[in-house]
Amino acid sequence: MTTTADYTEKIPNNVSLHEDRRLQRALESWQPNFLNWWQTMGPTLPTQDVYLRTAVNVGREGWAQFGHVPMPEYRWGIFLAERDPGRRVGFGEHKGEPVWDKVPGEYRSELQRLIVIQGDTEPASVEQQRNLGATAPSLYDLRNLFQVNVEEGRHLWAMVYLLHAYFGREGREEAEELLHRNSGSIDSPRILGAFNEETPDWLSFYMFTYFTDRDGKYQLGTLKESAFDPLSRTCEFMLKEEAHHMMVGTTGIDRIVQRTVEVMREHDTDDVAGLGAIPLPMIQKYLNFHYSVSLDLFGGETSTNVANYYTAGLKGRWLEDRRRDDHMLASDSIMVDALSEDARTGEQSIGLTEVSALVGLNTDLRREYISDCQGGVKRWNRILDEGGVKQRLKLPHIAFNRKVGAFAAIEATPDGERLSAEEWQRRSGEWLPTDVDKTYVRSLMQPVHERGKIAAWIAPPRNGINGQPFDYDYVHLI
Ligand SMILES: [Fe+2]
Ligand SMILES: [Fe+2]
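Just so you know, we're using the working numbering here: the sequence shown kicks off at 551 and counts up by one.
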């Protein structure tokens, strides 16, 4: 197995594709369908070329190269992290056995399902973000959007490779379906809720890349532990690219908060809506929305499916090898979020309940995610603090605006106080973006496609890309 990419082939890869003619042909016949999807569902803004990072290797150093590339000619390739020949299963009933190079028949449908669900999210986000180019706040941001888009396209390739290489005809059919479902489609929507929401403006885009791409990071982290070695190695490499997507989100929100603080101070007012900046309460509402829909992506608090995936060795925990337990969890327990009912009055309240650790694995993963999300809030609050502003941003309560899991049936404020359905109807506009908020944010989205210039609602970045300055010609428009 070689680890350098073969760029002379139609499909760059480090999986020795040329040695398997059938697979190569199958993927080469999927390729035009992918390109057709990219042309019809991908970025709408016409460009000549974009300064993009392309994965060319998976080694520790120099895994990517940068250069101006016409987007439809981007070299979407198949890369698996280097193989560890001594790798063994790290958890579940096969713990200690050598990892699998093939799909065991007994786990075939489960593994296929996991890969399809992950694969479905990748093109979905490209679809959600397709119109954002027209309103980019700078060429730097425009380039970052397209970078995220082409890499999500590559992640689709990563999952399609697994489906083609290991799941036969069914896998090939699933690969086609990944191009046929579309974000927000009535007839054939994407599988998960958050991937059918709109990303109509750049505040939403940064929130999406902060909160929703971060869900992706945690899902990939659990699949990286998989006993199915090709899946593990694929996800390991995807995580490398994913880090940039989250950097775009984190620093995007940094820069919006920064700009809001500047305008607040300049005019000595909290009400910056008339002054071309985004008011803090509006930023908070967008945060509330994106955080709560991203929490839903982790599924219910308890899941016997996920317990079975773990026991079978298909999907592990976040940083499995750093956990100090037996990695089997057969006799452990965990407290998970739940609605508890008062035996006497029958009244339900937000609380916790004890379940077996295996059944509570979704909760374990969601908690890792939540503590990671706190990091962003801390950073944005530091910007507020340093700017001498008293307000703070925060993550809403776990029961706020949930559509999946224990709290789907109730309504709660961002502070976790229960509300009746009527009260929620009446007051949800205090916490979630209203039409007025969305219209205002959209009114700010005037394109700045001029080199070195930036929109008034966001501060320029501290650093450019790959050592280039902010005023570099990141994108050549037509
Ligand atoms: Fe991705
Ligand atoms: Fe991503």
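For each residue, glycine too, the CB sits at the ideal point set by N, CA and C. These numbers were taken from a predicted model, which means no experiment stands behind them.
Judged by their CB atoms, Ile1015 and Asp804 are not nearer to each other than the 8 Å cut-off. When rounded, the separation of the alpha-carbon atoms in Met995 and Leu573 is 45 Å.
The Cβ atoms of Ala684 and Leu695 lie no closer than 8 Å to each other. The Cβ atoms of His840 and Thr762 lie closer than 8 Å to each other. Take Arg783, set aside five residues on each side of it, and the residues of its chain with a beta-carbon closer than 6 Å to its own are Leu630 and Ala631, in chain order.
In terms of side-chain proximity, the C-beta atom of Glu786 is found no nearer than 7 Å to any non-hydrogen atom of ligand 1. Of the candidates Phe778, Thr963, Glu643 and Glu870, Glu643 places its Cα closest to the Cα of Ala862. The Cβ atoms of Asp779 and Arg872 do not sit closer than 8 Å to each other. Cβ-Cβ distances below 6 Å link His705 to Glu672 and Met788 in the same chain, with the five nearest sequence neighbours on each side left out; the list follows chain order. Taking 7 Å as the cut-off, the C-beta of Val700 does not count as close to any heavy atom of ligand 2. Between His730 and Ala744, the alpha-carbon positions lie close to 18 Å from each other. Trp1007 sits away from Arg874, with the two beta carbons spaced by 8 Å or more. 8 Å or more divides the Cβ of Gln615 from the Cβ of Val608. Judged by DSSP secondary structure, Tyr768 falls within the alpha helix (DSSP H) whose first and last residues are Asp763 to Leu773.
Here the C-alpha atom of Thr597 lies approximately 5 Å from the C-alpha atom of Ile1028. Boundaries of the beta strand (DSSP E) harbouring Asp599: Thr597 to Ala605, taken from the DSSP string. The bridge partners DSSP lists for Val1025 are Val600. Listed in chain order, the alpha helix (DSSP H) runs fully inside the stretch 947 to 1010 are 971 to 977 and 985 to 994, counting runs of at least 4 residues. Fewer than three pairs of CB atoms, one per stretch, sit closer than 8 Å, so the stretch 922 to 929 makes no contact with the stretch 811 to 821. Inter-segment contact for the stretch 577 to 586 and the stretch 647 to 662 is absent: fewer than three beta-carbon pairs are separated by less than 8 Å. Membership of Glu851 in any beta strand (DSSP E) is not indicated, and neither H nor E is assigned to it by DSSP.
Annotated as proximal: Thr913 and Val886, with beta-carbon spacing under 8 Å. Ligand 1 never approaches Gly1014 closely enough for any of its heavy atoms to be under 7 Å from the residue's Cβ. With a cutoff of 7 Å, His714 does not count as near ligand 1, since its C-beta is closer than that to no heavy atom of the ligand. Where Leu695 is concerned, the enclosing alpha helix (DSSP H) starts and stops at Leu689 to Tyr716. Cβ contact annotation for Phe717 (same chain, cutoff 6 Å, sequence separation greater than five): Gln662, in chain order.
Assignment of beta-bridge partners to Ala576 by DSSP yields no partner. Linking Asp570 to His794 through their CA atoms gives a straight-line distance of about 33 Å. A Cβ-Cβ separation of about 7 Å places Tyr624 in contact with Thr604 under the 8 Å criterion. Taking the Cα positions, Arg633 is about 26 Å away from Met796.
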